Amino acid sequence: MHYRSISDMNQAVLHGLKMIPPDIDLVVGIPRSGLLPANLISLALNLPLADLEGYCQGRILAAGKTRRKAPNPDTDGYRKVLVVDDSISTGNAMQEARDRLAAAGYPTDRFVFCAVYGLEEESALTDVVLEKVPHPRVFEWNFMHHPQLKRSCVDIDGVLCHDPLPEENDDGPLYTMFLGNARPLYMPGFHIGHLVTSRLERYRPQTEAWLAARGIKYDKLWMLDLPTAEERRRRGAHAGFKAQVYANVSADLFIESEDAQAVEIARLSGKPVLSIETQTLVLPDKLLDHAARARRRAARRKEHLSVRQPGWRSFSKEVLRQILPDDLMGRLVQWRRDRWRKARGY
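Heads up, the sequence shown is in the working numbering, so the first residue is 7 and it goes up one at a time.
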């Protein structure tokens with residue numbers, strides 16, 4: 007299983023800019039998933055941006071202008087256009103984009119077709135592939151709209167809906183009210199194989215009613231058969247229960263909300279787990295690497311928070327605000343923010 011997050015995509019784009027021809031003067035994204043990398047590329051190269059249909063109709067998003075004449079390479083201002091999709095697999099979306107542009111009357115030599123992620127096999131439909139990622143693969147921007155869901159175990163709280171607030175988690179009337187009114191989070195676009203939750207079995211009616219009301223389809227709902235939430239906490243049964251189900255069903259991915267539980271589920275089941283909290287794929291044979299990355303993330307968060315604590319930095323900032331004009335102070339703040347992000351590879 008291969009997984010790429012939005013952060014991974016951004017890195018692939020930045021590292022792959024050298025592969026994009028230097029004479030590109032417009033970036034066009036193929037909806038929906040291609041709009042994300044197209045935006046990243048247009049920002050990095052400081053080029054105007056359009057969506058595919060908008061381009062065919064003369065609309066350029068970045069400039070907000072409308073082409074009033076028929077497409078013509080001599081009068082149209084854009085001579086070389088990069089057409090971008092997030093990935094290529096079957097090639098259907100890229101072929102449809104080519105057909106749409108041909109139907110609009112554009113010359114074929116104007117376009118360079120780019121996919122951020124491709125397969126090992128070359129495709130005649132793309133001119134540029136920024137990174138090769140073989141199947142099976144899942145992306146952050148479509149993991150809940152992927153046929154893989156049929157072969158997955160999916161957590162409920164923190165994935166399908168927001169977690170209950172501390173005051174709602176009383177294992178009583180407030181929690182029952184939460185179950186009926188939980189705010190949706192990641193809504194699936196495909197049938198789910200297994201819903202696996204550490205909610206107690208006695209809350210099955212409320213859980214099934216919530217799922218039915220939102221049209222969520224699944225094969226089986228697994229719930230923890232313990233008398234109380236206190237007993238569940240005493241046993242620490244969350245990850246162990248989920249791992250046991252995962253290990254014994256024909257699923258090859260578990261989608262878990264909490265990173266610590268994702269690590270434990272991967273360790274106990276010996277199968278990959280997608281951590282929603284960190285948007286990383288936890289692999290059983292790379293648990294030490296994952297733990298090291300988690301420690302680095304925690305250290306960065308701690309460092310970031312420490313900078314924001316009251317102290318001489320805050321005092322200095324207040325002094326500068328008093329003596330500098332607003333526009334100069336704004337540029338100084340932006341410079342420090344850009345420097346901070348660059349130092350951390352953002």
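Beta carbons are placed, not taken as given, at the ideal position from N, Cα and C, and that holds for glycine. These figures come from a predicted structure and were not determined experimentally.
Cβ-heavy atom distance, residue i to the ligand GTP, below 6 Å
i, result
"Gly246", "Summarising the ligand content, the structure contains no ligands, and the ligand GTP is consequently not present."
Coarse secondary structure for residue i, derived from DSSP in three states
i, result
"His8", "strand"
"Ala18", "helix"
"Asp105", "helix"
"Leu67", "coil"
"Ser158", "strand"
"Glu137", "strand"
"Ser48", "helix"
"Leu23", "helix"
"Pro28", "coil"
"Pro190", "strand"
"Ser275", "helix"
"Val255", "coil"
"Arg85", "coil"
"Leu338", "helix"
"Arg74", "Here Arg74 scores only 43 on pLDDT, less than 50, and its place in the model should not be relied on; the value that follows carries that caveat. Here Arg74 sits in coil by DSSP."
"Thr132", "coil"
Residues sharing a beta bridge with residue i, DSSP
i, result
"Asp91", "Ala121"
"Trp147", "DSSP output for Trp147 lists no bridge partner at all."
"Gly35", "Asp57, Val90"
"Glu262", "Ser281"
"Ile198", "Tyr224"
Cβ-Cβ distance between residue i and residue j below 7 Å
i, j, result
"Ile222", "Leu155", "no"
"Leu58", "Ala103", "yes"
"Glu146", "Ser11", "yes"
"Gly186", "Ser263", "no"
"Ala110", "Cys62", "yes"
"Asp92", "Ser39", "yes"
"Val33", "Leu88", "yes"
"Leu280", "Ile261", "yes"
Between the CA atoms of residue j and residue i - distance to the nearest angstrom
i, j, result
"Phe247", "Ala235", "14 Å"
"Trp216", "Asp258", "26 Å"
"Ile47", "Arg345", "21 Å"
"Ile282", "Tyr112", "42 Å"
"Leu51", "Ala99", "24 Å"
"Asn254", "Arg273", "14 Å"
"Gln17", "Leu49", "14 Å"
"Gly60", "Leu131", "21 Å"
"Pro190", "Thr213", "13 Å"
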